[in-house]
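Read through the structure below, which is laid out as structure tokens, and then see the notes.
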Amino acid sequence: MAEDGRLSPNIGLKERVRMRLLEDPDPALLEGSHADRRLNLREAVRRVLDEDQVIIGGSQMATLVREISDEVVGLGPLEELLRDPRVTEVMINGPQSIYVELGGRIERAWITLESEAQIHHLIDRVIGPLGLRIDESHPYVEARLPDGSRLHAIIPPLSIYGPAVTIRRFSALPFTFRSLVAKQTLTDQMAGFLDAAVRAKLNIIVSGGTGSGKTTMLNVLSGSIPLGERLITIEEAAELRLGREHVVSLEARPSNVEGQGEVSVRELVRNALRMRPDRIIVGEVRSGEALDMLQAMNTGHEGSLSTCHANSPEDLLVRLETMVMMAELGLAPGPVRQQIAAALDVIVHTSRLPDGSRRIVKVSEVRGLTDRGLALTDIFEFVPAGLDDAGDVQGEFHVRDRPACLQKISAAGIGYCWSPT
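As structure tokens, then:
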């Protein structure tokens, strides 16, 4: 800084402006919404430049404001990645080891960070306003960014080589059946059946592995729910974007520093039953809340939707049975299977293929309980046929069996015509 207090010409313009802002910080810069803070910062930068008689062009001014804003009220260099609509996931393994997912494929990012301290600062920037913490006694955290993206961070001693951060982004424009058909995630026939199944209030669970598109598919299915219905959504971390007015969104809460105040998904499911829902949408079942969800489906809350991690529709049924047992009510396997058979109608199984694309690889129907266990019948199936020269997965969707639930669709007065081809 020069002796007269003006900006020194010996350092870069961005650093000079940033030093002036930090020298006499304005509390208003950190007040209001994310957008308000950026607007306040822009005015502050303009004042500093005017005071020091610095004249720059409009494009240079926009770049300067954006870079300083990213550092002061944003996530620093990561903001460049988060502004790129092609980026669906950001993975930070270390300051010099940052990867992104582009078009389903993982690539090395074109930016780096200065140090592990900067990674810690980025984590604190996200979780601080949310009242969350991360330290040696609680070395991992999950939080939501202002744009709805989900952040997961884990630090030593659990992460051996330093803090690791994963940011999962969601499309600014919601997917629809039409857009998924265009991406070859499913066919028109599959889309028509699933649309009719949702409107007829069939109970549906979307299964699949991590990053296979379960939440995207749940959002698309929710778009078929008639506008007049009251929806209650329940999530561990809010990700659903239903784009409608009559929605009550509930989000689980972790315990505080004293280990108190936790509110589980299971408790939220029980609360939702008292909130007069037409439909209950559980973002993901992971534990004993599976029992409460199945009971809701069996006691007048038809048309409920959810997701669950599973390797196949058959595996999903086994996992549901295991999760119901986790409710610790001493239920025997027989009654549990009866609950599943009575509650669940359709399973939509998603998969992330070797080329990074997401497909619905099976749509199956729960036909009931037999002497051999739960009966499952495939309605649609994607059959892969290898990779082409570009490395893209080739294959065809096949119709496997006529679903028995067509009777429910017809009884609900839904105009849908089944085609066996």
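Per the numbering used here, the very first residue in the sequence shown carries number 973; after that it's consecutive.
Every residue gets a Cβ at the ideal spot worked out from N, C-alpha and C, and that includes glycine.
Note that the structure is a prediction, hence the values are computed from the model and not measured.
Return the residue from the list the options that minimises the CA-CA distance to residue i.
i	options	result
residue 1169	1158, 1197, 1191, 1187	1197
residue 1319	1199, 1259, 1015, 1162	1162
residue 1056	1017, 985, 1141	1141
residue 1338	1134, 1090, 1285, 1152	1285
residue 1033	1013, 1051, 1046, 1052	1013
residue 1271	1260, 1248, 1290, 1016	1248
residue 1106	1131, 1299, 1049, 1164	1131
residue 1220	1233, 1201, 1232	1201
residue 1378	1344, 1357, 1172	1172
residue 1125	1111, 1133, 1349	1111
residue 1053	1030, 1121, 1031	1121
residue 1193	1302, 1147, 1262, 1218	1147
residue 1186	1199, 1216, 1152, 1031	1152
residue 1301	1261, 1321, 1195	1261
residue 1356	1344, 1384, 1326, 1348	1326
residue 1281	1363, 1037, 1182	1182
residue 1199	1215, 1087, 1210	1215
residue 1026	1048, 1129, 1050, 984	984
residue 1283	1299, 1323, 1306	1323
Starting from the C-beta of residue i, find all residues in its chain whose C-beta is less than 6 Å away, skip the five residues before and the five after it, and write them out in chain order.
i	result
residue 1308	1293, 1296
residue 1353	1334, 1370, 1372
residue 1020	989, 992
residue 979	In this predicted model, residue 979 has a pLDDT of only 46, less than 50, meaning its place in the structure is not dependable; the value taken from the coordinates is given anyway. Cβ neighbours of residue 979 beyond the five flanking positions: 988, 1024.
residue 1388	1168, 1381
residue 1063	1071, 1138
residue 1386	1168, 1171, 1172
residue 1041	1010, 1013
residue 977	For residue 977, the predicted model reports a pLDDT of 47, less than 50, meaning its position is unreliable; a value from the coordinates is still stated below. Answer for residue 977: no residue qualifies.
residue 1250	1201, 1202
residue 1384	1172
Apart from the five residues just before and just after residue i, which ones in its own chain have a Cβ nearer than 7 Å to its Cβ?
i	result
residue 1098	1115, 1117, 1123
residue 1244	1204, 1206, 1222, 1252
residue 1235	1224, 1225
residue 1375	1337, 1351
residue 1392	1371, 1374
residue 1127	1106, 1111, 1135
residue 1328	1075, 1076, 1077
Could you have a look at residue i and say whether DSSP puts it in helix, strand or coil?
i	result
residue 1204	strand
residue 1343	coil
residue 1091	helix
residue 1199	coil
residue 1276	coil
residue 1223	strand
residue 1251	strand
residue 924	Residue 924 is absent from the model: the chain starts at 973 and stops at 1393.
residue 1331	strand
residue 1086	coil
residue 1079	strand
residue 1359	strand
residue 1382	helix
residue 1164	helix
residue 1147	coil
residue 1120	coil
residue 1285	helix
residue 1242	helix
residue 1211	coil
residue 978	Residue confidence is low: residue 978 scores 48 on pLDDT, short of 50, so the model does not pin down where it sits. No coordinate-derived value is stated.
residue 1098	helix
residue 1299	coil
Look up residue i in the DSSP assignment and give the residues it is bridged to.
i	result
residue 1369	1354
residue 1063	1071, 1138
residue 1377	Residue 1377 pairs with nothing; no bridge assigned.
residue 1348	1338
residue 1110	1107
residue 1126	1112, 1136
residue 1179	1280, 1321
residue 1235	1225
Going by beta carbon distance, what residues of the same chain come within less than 8 Å of residue i, once the five residues before and after it are set aside?
i	result
residue 1190	1178, 1212, 1253, 1255, 1277, 1278, 1279
residue 1346	1289, 1309, 1312, 1313, 1338, 1340
Does the beta-carbon of residue i, which I'm using as the reference point, lie nearer than 8 Å to any heavy atom of the ligand ATP?
i	result
residue 1304	The ligand ATP is not among the ligands present in this structure, which contains no ligands whatsoever.
The stretch 1333-1349 in contact with the stretch 1080-1089 per 3-pair CB rule at 8 Å: no
The stretch 1171-1182 contacting the stretch 1265-1279, beta-carbon criterion three pairs below 8 Å: yes
Cβ contact (3+ pairs, closer than 8 Å) linking the stretch 1058-1075 and the stretch 1100-1110: no
Inter-stretch contact at 8 Å, needing at least 3 Cβ pairs: the stretch 1262-1270 / the stretch 1312-1326: yes
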